[in-house]
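**Student:** For the sequence shown, the positions run 55 to 300 when our numbering is used.
Note that the Cβ used here is the ideal one computed from N, Cα and C, for glycine as well.
Dropping the structure in here first, questions after.
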Amino acid sequence: MKEVNFVFLILALIAEIIGTVGGFVSSVFFVPLGNFYFDFHSVLGLTAIFHVSSNLSKIFLFKKGLDKKLLLNIGVPAVVFVIVGGLLTKYIESAYLEIILGIFLVGFSLLFLIKSEVIISPNKKNAVVGGAFSGFSAGLLGTGGAIRGLTMAAFNLEKSVFIATSAFIDFMIDFSRTFVYYNNGYIHKHDLKYVPFLLVIGLLGSFIGKKILVFIPQSKFRNLSLFFILFIGIVTIVQLLIKWRI
Numbered sequence: 055m056k057e058v059n060f061v062f063l064i065l066a067l068i069a070e071i072i073g074t075v076g077g078f079v080s081s082v083f084f085v086p087l088g089n090f091y092f093d094f095h096s097v098l099g100l101t102a103i104f105h106v107s108s109n110l111s112k113i114f115l116f117k118k119g120l121d122k123k124l125l126l127n128i129g130v131p132a133v134v135f136v137i138v139g140g141l142l143t144k145y146i147e148s149a150y151l152e153i154i155l156g157i158f159l160v161g162f163s164l165l166f167l168i169k170s171e172v173i174i175s176p177n178k179k180n181a182v183v184g185g186a187f188s189g190f191s192a193g194l195l196g197t198g199g200a201i202r203g204l205t206m207a208a209f210n211l212e213k214s215v216f217i218a219t220s221a222f223i224d225f226m227i228d229f230s231r232t233f234v235y236y237n238n239g240y241i242h243k244h245d246l247k248y249v250p251f252l253l254v255i256g257l258l259g260s261f262i263g264k265k266i267l268v269f270i271p272q273s274k275f276r277n278l279s280l281f282f283i284l285f286i287g288i289v290t291i292v293q294l295l296i297k298w299r300i
């Protein structure tokens, strides 16, 4: 027990609660936080395992809002590209891709916050492109929820539909990439002591997040998600600039 970092676990719980409220799961916070405590590849492995529990909790809590058509249009390309992204992690320097991801998230979240009237048409093409991009990012960087959240926020979905569908898609992604990361050697034996804690955190954080959502009006939900994504983008950029000492 002495080797377990409980500060990290508290931060993981906060990430799970915010991820549930924001509707795009906790990886967008968990991965940057995890990078302060573990090497990048260990974070990838822990994130995949953590989210299997986290997303099963959200699916159970928000199951009435599932959009099956959107699940197929976004979920299938996401699963295909998460495998591609996961396989490429051995060959591509992730820091450069993370800075691009951060800039992308900041730019597009600001666009939708400033131009609130902009709504992406909820058609199959946009869903497929968003799913493929989020899956690829999840496999390569450990987090694709913000991109999927950005796509689904642009669709202006009702919050229960948003969370249930996003959680089910993320479960499909995590289930697929867990096998890829395991094959890559990213799931380390010495990190497995955190798994029981993270499983409980996934359940508890989702439950608390659902309770908080009761107090958030639908009209404010879209902007709340976008503000979270903007924050994530800024944190990603700042973290990398500090690491590079620019």
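Could you work out which residue in 252, 140, 134 is closest to residue 182 when comparing CA atoms only?
**Tutor:** 134
**Student:** Under 8 Å, with one C-beta from each stretch per pair, do the segment 90-107 and the segment 254-263 reach the 3-pair mark?
**Tutor:** yes
**Student:** Which residue wins for smallest C-alpha separation from residue 147, given the options 169, 194, 214?
**Tutor:** 194
**Student:** Please report how far the alpha carbon of residue 209 lies from the alpha carbon of residue 57, in whole angstroms.
**Tutor:** 44 Å
**Student:** Quick one: what does DSSP say residue 59 is sitting in, helix, strand or coil?
**Tutor:** coil
**Student:** Within a Cβ cutoff of 8 Å, which residues of the same chain sit near residue 226, ignoring the five residues on either side of it in sequence?
**Tutor:** 129, 132, 133
**Student:** Within 6 Å: the Cβ of residue 234 and any heavy atom of the ligand NAP?
**Tutor:** Looking for the ligand NAP in the displayed structure turns up nothing, as the structure carries no ligands at all.
**Student:** Can you tell me which of the three DSSP states residue 150 falls into?
**Tutor:** helix
**Student:** For the alpha helix (DSSP H) holding residue 236, just list the boundary residues, first then last.
**Tutor:** Start and end: 213-238.
**Student:** Closer than 6 Å by C-beta to residue 154: which residues in its own chain qualify, once you throw out the five before and the five after it? Chain order, please.
**Tutor:** Answer for residue 154: no residue qualifies.
**Student:** Beta-carbon separation of residue 116 and residue 218 under 7 Å?
**Tutor:** yes
**Student:** At which residues does the alpha helix (DSSP H) containing residue 205 begin and terminate?
**Tutor:** 199-208
**Student:** Starting from residue 92 and walking both ways along the alpha helix (DSSP H), at which residues does that stretch end?
**Tutor:** In the DSSP annotation of this structure, residue 92 is not part of any alpha helix (DSSP H), being labelled neither H nor E.
**Student:** Assign residue 71 to one of three DSSP states: helix, strand, or coil.
**Tutor:** helix
**Student:** Mind checking residue 152: buried by the 16 CB within 10 Å criterion, or exposed?
**Tutor:** buried
**Student:** Report yes if the C-beta distance between residue 167 and residue 280 is below 7 Å; otherwise report no.
**Tutor:** yes
**Student:** Expressed to the nearest angstrom, what Euclidean distance is found between the alpha-carbon atoms of residue 223 and residue 260?
**Tutor:** 16 Å
**Student:** Excluding sequence positions up to five away, which residues of its chain have a Cβ less than 6 Å from the Cβ of residue 158?
**Tutor:** none
**Student:** Using 10 angstroms around the beta-carbon of residue 240, count the other beta-carbons present and answer buried if the total reaches 16, otherwise exposed.
**Tutor:** With 16 or more other Cβ atoms from the protein chains shown falling within 10 Å of its own Cβ, residue 240 counts as buried.
**Student:** When you compare only the Cα positions, how much space is there between residue 120 and residue 111?
**Tutor:** 14 Å
**Student:** Skipping 5 residues on each side, what residues in its chain have a beta carbon closer than 6 Å to that of residue 113?
**Tutor:** For residue 113, where only same-chain residues beyond five positions count, the Cβ hits under 6 Å are 221, 222.
**Student:** Please classify residue 248: is it buried, with 16 or more other beta-carbons within 10 angstroms of its beta-carbon, or exposed?
**Tutor:** buried
**Student:** Taking the alpha carbon of residue 85 as the reference point, which residue from 289, 187, 60, 186 has its own alpha carbon closest?
**Tutor:** 289
**Student:** Quick one: give me the first and last residue of the alpha helix (DSSP H) that residue 180 is part of.
**Tutor:** 178-195
**Student:** I'd like the list of long-range same chain contacts for residue 96, defined as Cβ closer than 6 Å, with 5 residues on each side in sequence excluded.
**Tutor:** 242, 245
**Student:** Roughly how many angstroms lie between the CA atoms of residue 238 and residue 204, to the nearest whole one?
**Tutor:** 29 Å
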